Amino acid sequence: MDLDKHAFEFQLLDKVPFGICVVDENYHILSWNQTLSDWTGIKKKEILGKSLINRFPHLKEDRYIKRLTSVLTEGPPVIFSPQLHPHFIPANLQDGSLRIQQTTVSLILTKDDDEKLLLISIEDMTHPVQQLQQVTEFRRKALNEIEERKKTQKELAQAKEAAEAANKAKSQFLANMSHEIRTPMNGIIGMTDYLLDTELSPEQRESARTIQRSANALLTILNDILDFSKIEAGKLDLEIIDFDIRETMKDIISTLEVNAQKKGLQLSCSIQDEIPSLLQGDPGRLRQILINLIGNAVKFTDEGHIGSTITLEHETDTYVILRFAVEDTGIGIPDNRMNQLFRSFSQIDASMSRKYGGTGLGLVISKQLAEMMGGQIGVESEEARGSTFWFTANLKKRVKIKQITATAHDNLQDKRILVVDDQIKNRQPILSSLTLWGCRFDESLTGQQALSELRKAVKDNDPFHIVILNMQLSDMDGETLGRSIKSDPMIQKTSLIMLTATGLRGDVARLKEVGFSAYLTRPIEQSALFDCLISVQGESFIPDDKTAAHFVTRHSIAEERKQKIRVLLAEDNHVNQKVALRLLEKLGYHADVVNNGKEVLDVIQDGAHHVILMDVQMPEMDGFETTKAIRKMEQESPARPEHHQKTSTQARAMQRVPIIAMTAHTMKGDRERCLKEGMDDYVSKPIQLRELADALDRQIERIFK
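Read in order, the letters of the sequence shown correspond to residues 6 to 710 in the working numbering.
Have a look at this one:
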């Protein structure tokens, strides 16, 4: 062994960044580079010339010797993997742990091939292996986490199914509770109303009124609790329909006026002029909020006034944002109690519920409804100085005008009509309708111009049959113009129709005395104007003529329509039959009664009924099955004209009959299901006179349009 022979070459190995060891055929160490010295702490001078096998006895194992020998016999290089041989030449890290190595043994032949050397190169794999171990550990943890997540997702899915089942059960329970409670409540309230319309002694009347008040109070609590339950179940919904905001407010104020007057309170309402009357939204829910706010104001105010105002906050071409405010001079609210107002089952003082009653749910429900309408709700108050509750609502403008088909207007064709109004926005809708109906018409902007036109038409032997005039004109008011027309024998036979935006008490009697034939307030539905023209054509009031035709108002038009309408009531509960018939009688309708769906199908064959009030739950055949059967009959029949255009029984039998559902179910989706099943409208039990009237008005409007 000659160490000096290869000294220079071996010195170059000190520059290599991995461990290098060279041994001869007898495994004596010829080179030990600096890297190995650094790794193992063994200096060159300590190991050069020594036997590798003696220095590292574990190399005597067969698994090492056999592979080293195979390399010396000119076999291929041998790689000792770190997984299998973690320390071919042991080397410790600074912390004392073994260095993980990958060792490669190769044969080196000298220039003359007279000497065989083994080159042992050792690569440090400590950090890559540790990284691999970290990756492996991370992968193991990731797989465990995935498994845990799958397990969690499965548990969540099971929990969701259980929650949905519980929610469905809760909704079904609420629906059943609503039905079971509302059905007898309908009988109690309805029959009490009926009792109060009979002759009673003062004591009996007071007892009946006590029952009525108690039943209505119970119904209010029931509605609050059911609405609150709907909020929790996410089932509270809005019904978007056309309505008149001014008419809605008028009804609300009239509803609460009696209670306010009993306490000596002044109740007022102000609506900003810029607010359009005709809107789209949920007037029922709007009414619910306002009745709650105004009702609370009446409840907590002992003297002074309660004022409600509606102002325009924002307007676009299609929407308006309105601000509703209710101001009172009542007891007010302390600052430290304000945050309790919109919490469930909360009143500002425990004694309040004892003194004033209530569940404390009204404001919670109002807050939810206001937010559903795209608005907010709030309060400003000072203790002992009153409160102002306010809320906002985003409502859609009504832009579509109902049209009436020309085929129904033979009776108005060739009638000559004069429209007198100095405002184009008032004239235009009327002129459009007259054009549609085939009328001949002219327009005047002033009273004097109208008188000239009327007299000239008579001289030309082509007189005007009807004059439609506005109450306010630039040169004279409509009443003065009417007096001038009726005082002139030349034109006094012309029928006069007065239109006004602000009807006042006493107008009807005074205008009838003048000689007007009709008096209508704006805005007026197209169909109502048509009915008015049909009623007054060829008939005219002349002063002092006691045989003149009847005076036409929007009320008389409605009453005439009711006389033409025949209602079929389908209801199996005899108490509810009596209640519904009594309500229909109050509204001026004639009705027939059947007990189930099969009887409905038998009765409608003659086509005598224009509207069906259909109870949803009936024996033999329920309301849904009956509606499907009716719609199928109508689809299989040839198309026929409208009810009011023909009088034959056969023609009426083939026309689509409006069906109004009557149900004690009031949960979200009940109304939608009724409409989906082919019904046209929906009223809930206990049936309220106003709700029934509105539903019938909507359907009758469709019949007469």
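We treat Cβ as the ideally placed atom computed from N, Cα and C, and that holds for glycine. Quantities reported herein were computed from a predicted structural model and do not represent experimental measurements.
Inclusion of ILE127 and GLN106 in the CB contact set at 8 Å is warranted, their separation being smaller than that value. MET343 sits away from VAL303, with the two beta carbons spaced by 8 Å or more. The beta-carbon separation of THR397 and ARG328, rounded to 5 Å, stays under the 8 Å limit for a contact.
THR451 is positioned such that its CB atom lies no closer than 8 Å to that of SER489. For PRO288, the number of other beta carbons within 10 angstroms of its own is at least 16, and it is reported as buried.
DSSP links ARG328 through a beta bridge to THR316, THR397. Assignment of VAL21 by DSSP, reduced to helix, strand and coil, places it in the coil class. Looking at VAL110, SER273, GLY80, LEU697, the one whose alpha-carbon comes closest to that of ALA330 is SER273. ILE230 and LEU436 have their C-alpha atoms some 51 Å from each other. Residue environment analysis places ARG566 among the buried positions, since at least 16 neighbouring C-beta atoms fall within 10 angstroms of its C-beta. DSSP, read as helix, strand or coil, puts ILE490 in helix. The stretch 277-288 makes contact with the stretch 240-260; the number of CB pairs closer than 8 Å reaches 3 or more. Across the set ARG661, LYS401, ILE539, ASP333, the C-alpha of LYS401 shows the shortest separation from the C-alpha of VAL325. Boundaries of the beta strand (DSSP E) harbouring LYS121: 121-129, taken from the DSSP string. Nearest Cα to MET684 within the set ALA666, ASN149, VAL584: ALA666. Contact between the stretch 414-429 and the stretch 366-380 is not established, with fewer than three Cβ pairs separated by less than 8 Å.
Between LYS690 and ASN191, the C-beta spacing is below 8 Å. Collapsing the DSSP output to three states places GLY269 in coil. Per DSSP, ARG515 is one residue of the alpha helix (DSSP H) stretching across 512-519. The residues ILE194, in chain order, have a CB closer than 8 Å to that of ASN221 in the same chain once the five nearest residues on each side in sequence are set aside.
Less than 8 Å separates the beta-carbon of ALA596 from that of VAL572. In the DSSP assignment, ARG571 forms a beta bridge with HIS595.
Around the beta carbon of ASN341, fewer than 16 other beta carbons lie within 10 angstroms, which makes this residue exposed. Looking at the DSSP output, CYS444 bridges to nothing. By the neighbour-count definition (other C-beta atoms within 10 Å, threshold 16), LEU114 is an exposed residue. Excluding five sequence positions before and after ASN264, the CB atoms of its chain that fall closer than 8 Å to its own CB belong to GLY300, VAL303, given in chain order. Comparing alpha carbon positions, the residue from LYS156, ILE692, LEU123, ASP333 closest to ARG587 is ILE692. Secondary structure of THR668 (DSSP, three-state): strand. In this structure LEU53 touches ILE34 by the C-beta definition: roughly 6 Å separates them, less than 8 Å.
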